[in-house]
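Encoded as structure tokens, the structure appears first; notes follow it.
Numbering (this note's numbering), first residue to last: 36 to 615.
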């Protein structure tokens, strides 16, 4: 990440206000510095000239007021930076979590949960140091340094020229040290990521490790990764101290050069004392912002690295959104209705009516209140998973999507939810945009995705005010009436069997369906861990849900589920191979 990445202004709009306020405060602080130096110079020169203390009282009073004003401006700068930084970090974290949601489970499954958590948690917290320390100094450098150089050059051209020659030395050394620091910071972040991921993996598999008596072997691994992180952290600290030393040395030598030239000219009588003293007081102030930027950069380096990783995730989500086609951009015009294979989808009609998709042979328009796939193609990692899939699940129909393993059944559901990049026409509840489709679909995936808390918390996940009656009804319809909503679960739903966790996930989807009025219910392998009797009770509930007017799509291999369906959709063999 650059010192001020333009993406920060785009993804965290609060940064703009922070920068504007910081620039204004920097101008006022610089004016105070110039005024303070002028007042000190005036007081000293007049005292040397023999004026009494009474005549200097007004100047000393102004000096006192200037000190107080400068202190107030420094406080205001810190307050604006802290408040603006908190807002900007909040906005960036919100964009990051929204991006992770848009990328969906498929993206997170291919990445370590520790890495994602590290960026969204510790990384965003580290970014607060960037806003509170580094950014105000960067703004002060951009504003104060030119003003001070112009003021010094206006009062003494020779000192201004010396300043222009020596000032660039500091950025040069900052860049050289910064490159080394950036490389060390990347290694430190990778070590922290490895430590976080490794620790989470050990915790997640601790029960298995203890079962086989291998838990103690992980101690050495965690210790080794922790030691690597310690080593890289110390290298970053050493470079920070080295950078501070270099900047102080260059600034001190530069001020010394200006002081020597002023002293020689004062002795020669070619320079007035008031001018020399004024310039000498301002010279260190001209170098101070640059020195502070170099010092604060290292404190903010970890946050800068985290911001770069966050931007990569946000841009990946924007790429997914850009790759989606709008309504009517698919292959279009392929009919669905009646028996037979159409566009790779075999529709076997049961109790549900045959409804066409855009130009169906029966002449009837598609009922887009349900779930529509029209020429949908899903491809990732250089492989076409589903090619030109066309099918529809109308309201009031229980449909089952079946296909061989790896044929893209879950990918189609993910495409409908906007989690998987796809081309073609997708409608859910009459909406073609991603947010609209998501709001129309109540969904439960293969993994229950439960959280620590009560069963009721899991069923009503995301609800501002959970409805206890709706929670109980959802559990009952999910064939889990024996589960007490007040039962507290551990992390990941610990305390439930696999079948119970699966039914809680189905209850969550049913709760969303009813409390938010979703027209579509999509379930991915909801009965894979259930016995025959529980499966039958759940299927009876799903048929009732469909009878109430919802479009129900179930991804399943189970024969009992297929037999209960009104319509069976099968991804053709040509979609399995990706060759049409």
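Yeah, the Cβ is synthetic: ideal placement off N, Cα and C, and Gly gets one too.
All values derive from a computational prediction rather than experimental measurement.
For the pair residue 493 and residue 452, the CB atoms are not nearer than the 8 Å cut-off. Ranked by Cα distance from residue 206, the first of 286, 192, 168 is 286. Taking a C-beta distance under 8 Å as the contact criterion, residue 457 and residue 604 do not qualify as a contact pair.
Secondary structure of residue 566 (DSSP, three-state): coil. The beta carbon of residue 131 is closer than 8 Å to those of 154, 155, 159, 345, 348, 349 in its chain, skipping five residues each way along the sequence.
Setting aside the 5 residues that flank it on each side, residue 352 is surrounded in the same chain by 134, 137, 138, each with a C-beta closer than 7 Å to its C-beta; the list follows chain order. Annotation: the segment 122-203 contains the following complete segments of the alpha helix (DSSP H) (minimum length 4 residues), in chain order: 148-153, 159-164, 170-190, 192-201.
In the three-state scheme derived from DSSP, where H, G and I count as helix and E and B as strand, residue 432 is classed as coil. Judged by DSSP secondary structure, residue 459 falls within the beta strand (DSSP E) whose first and last residues are 457-463.
Its chain contains 479, 483 as the residues whose beta carbon lies nearer than 6 Å to that of residue 540, once the 5 sequence neighbours on both sides are disregarded; these appear in chain order. Membership of residue 410 in the beta strand (DSSP E) is indicated by the continuous run 406-415. Boundaries of the alpha helix (DSSP H) harbouring residue 512: 503-512, taken from the DSSP string. Counting C-beta pairs closer than 8 Å gives three or more between the segment 38-53 and the segment 121-128, which meets the contact rule. In the displayed model, residue 288 falls within a helix according to three-state DSSP. Between the segment 594-602 and the segment 557-574, the count of Cβ pairs shorter than 8 Å is three or higher; the stretches touch. Per DSSP, residue 522 is not a residue of any alpha helix (DSSP H), being assigned neither H nor E. Contact between residue 513 and residue 545 holds: CB atoms are separated by about 6 Å, below the 8 Å threshold. When the alpha-carbon of residue 78 is set against those of 98, 296, 195, the nearest one is in 98. If one requires a minimum length of 4 residues, the alpha helix (DSSP H) runs lying completely within the segment 233-312 are 241-246, 252-303, in chain order. Between residue 505 and residue 548 a beta carbon distance of about 10 Å is seen, past the 8 Å cut, so the two are scored as non-contacting. The beta carbon of residue 64 is closer than 6 Å to those of 108 in its chain, skipping five residues each way along the sequence. Straight-line spacing of the CA atoms in residue 82 and residue 116 works out to 40 Å. With the rule of 3 Cβ pairs closer than 8 Å, the segment 161-175 does not count as touching the segment 297-309. Burial check for residue 243: the Cβ neighbour count within 10 Å stays below 16, so the residue is exposed. Taking the C-beta atoms as reference points, residue 230 is found nearer than 8 Å to residue 260. A direct Cα-Cα distance of roughly 55 Å separates residue 202 from residue 418. For residue 604, the enclosing beta strand (DSSP E) starts and ends at 602-606.
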